[in-house]
Every structure is written in structure tokens, then in C-alpha cells.
Amino acid sequence: MKNLIPNLILFFGLMVFGSITVSGSTITPLFTSETKKIENLHFHSIFIDGDFDITLLQEETSSITYDSPIFEKNDFEYRINNGVLVLKSSSKNKISRQKLRIAVENISEIEIHGNTKLRTPYTIKLDDLRINSNSSETVQLQVQSDRIDALVVNAGDLYLDGHINVLDYENIGLGSLTGENILIEHFNILEGNKKCLNLQFRENPKDKTTALVQRP
Numbered sequence: 173m174k175n176l177i178p179n180l181i182l183f184f185g186l187m188v189f190g191s192i193t194v195s196g197s198t199i200t201p202l203f204t205s206e207t208k209k210i211e212n213l214h215f216h217s218i219f220i221d222g223d224f225d226i227t228l229l230q231e232e233t234s235s236i237t238y239d240s241p242i243f244e245k246n247d248f249e250y251r252i253n254n255g256v257l258v259l260k261s262s263s264k265n266k267i268s269r270q271k272l273r274i275a276v277e278n279i280s281e282i283e284i285h286g287n288t289k290l291r292t293p294y295t296i297k298l299d300d301l302r303i304n305s306n307s308s309e310t311v312q313l314q315v316q317s318d319r320i321d322a323l324v325v326n327a328g329d330l331y332l333d334g335h336i337n338v339l340d341y342e343n344i345g346l347g348s349l350t351g352e353n354i355l356i357e358h359f360n361i362l363e364g365n366k367k368c369l370n371l372q373f374r375e376n377p378k379d380k381t382t383a384l385v386q387r388p
């Protein structure tokens with residue numbers, strides 16, 4: 173019992189202040205955040221505004237998983253409007269940007285603004301896809317898609333790798349690909365099981381136009 177009060181003081185000090193110094197040593201609590209999961213979401217598009225670090229996964233049901241500070245307010249908010257998942261971040265700290273793991277069954281359009289990193293650690297299969305990237309950070313997607321109708325990059329780097337059966341040349345938005353640090357490669361256009369084209373976008377430094385060319 174004689175150690176009960178000091179232990180309680182130490183415990184509440186860790187809970188309130190996040191860390192406490194005892195005899196010259198800093199003790200950090202084991203749990204400063206908790207993992208939360210938002211399930212049973214229904215959306216077909218994602219609109220991202222702000223600074224995020226997003227991992228996109230493909231699962232049978234859509235959800236958002238994130239680590240939330242126990243005693244702090246989250247730096248983001250979300251809503252679903254007419255089938256569009258809208259993510260908005262209030263944080264401007266690139267080091268501690270909000271990390272999200274978004275699971276989707278299928279997604280048809282992704283629009284990115286701000287300083288958002290977006291990646292797919294595994295190939296995701298999509299029926300249709302439109303990508304509009306205004307992020308100053310790298311967007312890296314591995315995609316298996318029957319068709320890509322629109323692809324627009326206004327800033328940052330977009331690495332798009334995967335197998336696409338149909339690429340709509342008329343609506344690909346080549347005129348909008350005017351960024352200075354664009355590298356879009358590894359379009360593997362398939363015809364049956366035979367790879368017939370391996371394409372990339374290449375910018376002409378003279379007139380700043382972008383063309384779709386076949387890789388050697």
C-alpha cells in the first residue's frame with residue numbers, strides 16, 4: 173500500500189502529459205494512440221484534400237482504419253456525399269501527416285489535392301479508373317484494370333504500374349500532363365494473355381508537350 177500513491181501519481185502523469193521524467197529518465201506510456209476502424213462504408217470515388225499518407229487496399233468491404241491519439245483531436249474529417257468519400261486534413265505537418273488505410277471493393281475515380289502520399293502495396297483490380305492528381309507528393313498505384321478512361325496529372329510524381337486492357341487515348345488528358353517531374357510508366361496493354369504494348373508518357377522539353385510513346 174505504501175507504493176500505491178506514488179504509482180498512481182506516475183500513472184496519471186503518463187496519461188495526462190504523455191511522458192514524465194523520473195530520476196533523470198523519461199518514461200513514455202505504452203499506449204498513446206488507439207487503432208480505430210470505420211466500417212460499412214459505401215462509396216465509388218475518393219476526393220482527397222490535404223496532407224495524408226494513404227495506403228489503398230482491396231477487400232470485400234470498404235473501410236477506413238487509422239491510429240487516433242487518445243488525448244488529441246484527429247487532424248482529419250471525412251464524409252460521404254453522393255457516393256464520394258471526401259477526406260479533408262487540417263494538418264500542415266508533413267512529418268506527422270495523418271496515416272490512413274483505406275480498403276475498397278472497387279473504385280472508379282481518385283482525385284488528389286494537397287501533399288498526399290498514396291500507394292497500393294498490392295495490385296488492385298478495378299473495373300474503371302479515373303485519376304486526377306494535384307498532389308506535390310508521389311502517388312504510386314499498382315492497378316489491374318479493364319479500362320482507364322481518364323488520367324490527369326497536374327503536379328508531383330505519379331507512378332502507375334499494372335495491366336490495363338483498354339486505354340482510351342481520346343480522353344487520356346495528355347494536354348494536362350504539364351508537370352516538370354512526371355514519370356508515368358509501365359502501361360502493359362494486354363491482348364488476351366499476350367503483352368502487345370508497353371507505354372510511357374514522355375515530355376518534350378522544348379515545347380512542354382507530353383506524348384504517349386512505346387517503351388523500347
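Residue 293 in this note's numbering sits at position 121 of the sequence shown; the count goes up by one each step and never skips.
Note that the Cβ used here is the ideal one computed from N, Cα and C, for glycine as well.
Please report the distance separating the alpha-carbon of residue i from that of residue j.
{"i": "residue 220", "j": "residue 237", "result": "16 Å"}
{"i": "residue 227", "j": "residue 275", "result": "8 Å"}
{"i": "residue 286", "j": "residue 258", "result": "13 Å"}
{"i": "residue 406", "j": "residue 233", "result": "Because the chain here runs from 173 to 388, residue 406 falls outside it and cannot be looked at."}
{"i": "residue 292", "j": "residue 229", "result": "6 Å"}
{"i": "residue 182", "j": "residue 205", "result": "In this prediction, residue 182 has a pLDDT of 47, which is less than 50 and means its spatial position is unreliable; what the coordinates show is noted afterwards. Going by the C-alpha atoms only, they are around 19 Å apart."}
{"i": "residue 417", "j": "residue 252", "result": "The first residue shown for the chain is 173 and the last is 388, placing residue 417 beyond what the model contains."}
{"i": "residue 254", "j": "residue 278", "result": "16 Å"}
{"i": "residue 231", "j": "residue 294", "result": "11 Å"}
{"i": "residue 290", "j": "residue 225", "result": "6 Å"}
{"i": "residue 271", "j": "residue 256", "result": "20 Å"}
{"i": "residue 284", "j": "residue 249", "result": "15 Å"}
From which residue to which residue does the beta strand (DSSP E) around residue i run?
{"i": "residue 241", "result": "234-241"}
{"i": "residue 273", "result": "270-276"}
{"i": "residue 207", "result": "205-213"}
{"i": "residue 253", "result": "248-253"}
{"i": "residue 227", "result": "224-230"}
{"i": "residue 284", "result": "281-286"}
{"i": "residue 261", "result": "256-261"}
If residue i and residue j are in contact, beta carbons under 8 Å, what's the gap, nearest whole angstrom?
{"i": "residue 223", "j": "residue 269", "result": "4 Å"}
Given a cut-off of 7 Å on the beta-carbon distance, is the pair residue i and residue j in contact?
{"i": "residue 247", "j": "residue 235", "result": "no"}
{"i": "residue 288", "j": "residue 239", "result": "no"}
{"i": "residue 216", "j": "residue 280", "result": "yes"}
{"i": "residue 218", "j": "residue 282", "result": "yes"}
Could one say the Cβ of residue i lies closer than 7 Å to chain B's Cβ atoms, at least one of them?
{"i": "residue 229", "result": "You won't find chain B in this structure, because it holds only one protein chain."}
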